[in-house]
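Only one structure is covered here, and it is reproduced in the block below.
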Amino acid sequence: MSAASNHFFHLATPGIRKLQPYLPGKPVAELEREYGISGAVKLASNENPFGPSPLALAAARQVLEDLGRYPEGSGWLLTGRLARLHGLERDWVTLGNGSNDVLDIIARVFLTPAHEAVFSQHAFAVYPIAVQAAGARACVAPAHDGSHGPAYGHDLDAMYKLVGPDTRLVFIANPNNPTGTWLESDALEAFISSLPAHVMVVVDEAYFEYVDKPGYPDTSTWLQRFPNLIVTRTFSKAYGLAALRIGYALSHPDVADLLNRVRQPFNVNAVAQAAALAALDDSQHLQDCVERNHAGMQQLTAGFRKLGLPYIESAGNFVALQTGRGAERYEALLQRGVIVRPVANYGLPDHLRVTVGRADENARLLAALQQVLA
Ligand SMILES: *Cc1c(COP(=O)(O)O)cnc(C)c1O
Numbered sequence: 069m070s071a072a073s074n075h076f077f078h079l080a081t082p083g084i085r086k087l088q089p090y091l092p093g094k095p096v097a098e099l100e101r102e103y104g105i106s107g108a109v110k111l112a113s114n115e116n117p118f119g120p121s122p123l124a125l126a127a128a129r130q131v132l133e134d135l136g137r138y139p140e141g142s143g144w145l146l147t148g149r150l151a152r153l154h155g156l157e158r159d160w161v162t163l164g165n166g167s168n169d170v171l172d173i174i175a176r177v178f179l180t181p182a183h184e185a186v187f188s189q190h191a192f193a194v195y196p197i198a199v200q201a202a203g204a205r206a207c208v209a210p211a212h213d214g215s216h217g218p219a220y221g222h223d224l225d226a227m228y229k230l231v232g233p234d235t236r237l238v239f240i241a242n243p244n245n246p247t248g249t250w251l252e253s254d255a256l257e258a259f260i261s262s263l264p265a266h267v268m269v270v271v272d273e274a275y276f277e278y279v280d281k282p283g284y285p286d287t288s289t290w291l292q293r294f295p296n297l298i299v300t301r302t303f304s305k306a307y308g309l310a311a312l313r314i315g316y317a318l319s320h321p322d323v324a325d326l327l328n329r330v331r332q333p334f335n336v337n338a339v340a341q342a343a344a345l346a347a348l349d350d351s352q353h354l355q356d357c358v359e360r361n362h363a364g365m366q367q368l369t370a371g372f373r374k375l376g377l378p379y380i381e382s383a384g385n386f387v388a389l390q391t392g393r394g395a396e397r398y399e400a401l402l403q404r405g406v407i408v409r410p411v412a413n414y415g416l417p418d419h420l421r422v423t424v425g426r427a428d429e430n431a432r433l434l435a436a437l438q439q440v441l442a
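In structure tokens:
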């Protein structure tokens, strides 16, 4: 039955009816089943190919002994540890079931059908989902065309122009997924300073730990100055804990209080809390992963240049490369056992987003690309 003729479809709220569901990367097992192949490689979901710290794994295993209990609802140990990490108090932290959960909570706290949220073209796909699920209007600013800033990157002037009396939220991904583009400190700070008091600004720093670009800000250090700022972070990317679903927001305590009213009492499970806590104690593992990512990024981009493929310079653990005819190239790579991410749904039909993998996985991708382009 098509959506339009579906009785229940008409019962849904208007925002939900217009929603496009989030398209996750194809799982390896699904590809192998469908294509009858084995040894496939997934470079499609910006996961850390080296996984979590062994300390995090050990802590997670220990909690398995006590799965009959509800998790600690306030996340006491972890919120305390995160507060210490960021030089804040515990009441500045809101835990989420992944940072996507936090983004959704933020939208539910600040948006109604009478309100608007602003974000950029090519921005992370969860923003429109959270905004429309809350029934609010999404105002999408055109990205830079390359003449006044990095092509495909957030154009803060264009975003500012969309801020009006009904705007309650601005979402900024720094760096952005899937483009990998990032904003520097001065420009971002000036933008946040210029926002009217009725607008909350969310800076999504899911890839923070990976970034080594000059001028890249740690906006968690701006929270005391900007009470309308919310910073989100996650354990899904550099910390390698994507499967456990855990992220958090940092904000003024008055904002955190609102977020915590909407947050489900046990939104972060006990295994995730314990693993995240232990992961924070293994800075060596984190540093190793970040260094290997940089090496992998060099390997991939050198390979792309050799193949004559343009790509968008990225601050994250992924890179969008311009193969032309993204859907076709995606399919051809699947046939060679390599899963990447088509990004036509982000307005980038000529690009594919590739996650930086292990050296052998990156080599597999480059070899497959060479065949596909031949
Ligand atoms: C991956 C990602 C997230 C984090 O998702 P989780 O829910 O924490 O797994 C948030 N924002 C962006 C831009 C991302 O790419």
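Going by our numbering, the residue at position 83 of the sequence shown is 151; the numbering climbs one at a time, nothing skipped. Every residue gets a Cβ at the ideal spot worked out from N, C-alpha and C, and that includes glycine. All values reported here derive from a predicted model rather than from experimental measurement.
{"Query": "Cβ-heavy atom distance, Asn168 to ligand 1, below 7 Å", "Result": "yes"}
{"Query": "Limits of the beta strand (DSSP E) - the one that His362 falls within", "Result": "Counting along the chain, His362 falls outside any beta strand (DSSP E), though it belongs to the alpha helix (DSSP H) covering Ser351 to Leu375."}
{"Query": "Cβ-Cβ separation, Gly392 to Asp418 (assumed contact under 8 Å), whole Å", "Result": "5 Å"}
{"Query": "Sub-8 Å separation of Leu348 and Ser319 beta-carbons", "Result": "no"}
{"Query": "DSSP three-state assignment for Val131, whether helix, strand or coil", "Result": "helix"}
{"Query": "Cβ of Tyr275 within 8 Å of any chain B Cβ", "Result": "In the displayed structure, chain B is absent; only one protein chain is listed."}
{"Query": "Anticipated Cβ contact below 8 Å, Val231 with Val267, distance rounded", "Result": "6 Å"}
{"Query": "Rounded distance between the beta-carbons of Gly315 and Val170, thought under 8 Å", "Result": "6 Å"}
{"Query": "Distance CB(Leu263)-CB(Leu179) smaller than 8 Å", "Result": "no"}
{"Query": "Cβ-heavy atom distance, Ala412 to ligand 1, below 7 Å", "Result": "no"}
{"Query": "Given Pro122 as reference, the closest of Leu132, Pro82, Val279 and Ala344 once Cα atoms are compared", "Result": "Ala344"}
{"Query": "Whole-angstrom distance between Arg421 and Ala182, CA atom to CA atom", "Result": "35 Å"}
{"Query": "Short Cβ contact (8 Å threshold) for Pro246 with Tyr414", "Result": "yes"}
{"Query": "heavy atom of ligand 1 below 7 Å from Pro245 C-beta", "Result": "Going by the sequence as given, residue 245 is Asn instead of Pro. Checking every heavy atom of ligand 1 against the Cβ of Asn245, one is found closer than 7 Å."}
{"Query": "Beta-carbon proximity list for Tyr379, same chain, < 7 Å, skipping 5 on both sides", "Result": "Thr369, Phe372, Val387, Ala388, Leu389 and Gln390"}
{"Query": "The stretch 162-169 touching the stretch 295-302, judged by at least three CB pairs closer than 8 Å", "Result": "yes"}
{"Query": "Span separating the alpha-carbon of Ala317 from that of Tyr90", "Result": "22 Å"}
{"Query": "Residue(s) in a DSSP beta bridge with His419", "Result": "Gln390"}
{"Query": "Per-residue DSSP class, three states only, for Tyr443", "Result": "The structure shown does not extend to residue 443, since the chain is modelled only from 69 through 442, so no value can be given for it."}
{"Query": "Separation of Gly141 from Val31, as counted between CA atoms", "Result": "Absent from the structure is residue 31, since the part of the chain shown begins at 69 and ends at 442."}
{"Query": "Unbroken beta strand (DSSP E) run spanning Val336, endpoints", "Result": "Looking at the DSSP string, Val336 is not in any beta strand (DSSP E), and its letter there is neither H nor E."}
{"Query": "Element boundaries [alpha helix (DSSP H), containing Glu252]", "Result": "Premise fails: Glu252 is in no alpha helix (DSSP H) and is neither H nor E."}
{"Query": "Opposing strand residues paired with Ser113 [DSSP bridges]", "Result": "Looking at the DSSP assignment, Ser113 forms no beta bridge with any residue, so it has no partner."}
{"Query": "For Gly143, the nearest candidate out of Asp159, Glu133, Ala255 and Lys110 (CA to CA)", "Result": "Asp159"}
{"Query": "Residue environment, Gly107, which counts as buried when at least 16 other CB atoms sit within 10 Å", "Result": "exposed"}
{"Query": "Residue environment, Gly155, which counts as buried when at least 16 other CB atoms sit within 10 Å", "Result": "exposed"}
{"Query": "CA nearest to the CA of Ser27, picked from Tyr275, Val339 and Ala431", "Result": "Because the chain spans 69 through 442 in this model, residue 27 falls outside it and cannot be assessed."}
{"Query": "Neighbour-count burial assignment, Asn74, 16 or more Cβ in a 10 Å radius", "Result": "exposed"}
{"Query": "Where Ala97 falls, given that 16 or more other Cβ within 10 Å makes a residue buried", "Result": "exposed"}
{"Query": "Glu10, DSSP secondary structure in three states", "Result": "Because the chain in this structure spans residues 69 to 442, residue 10 falls outside the shown range and cannot be described."}
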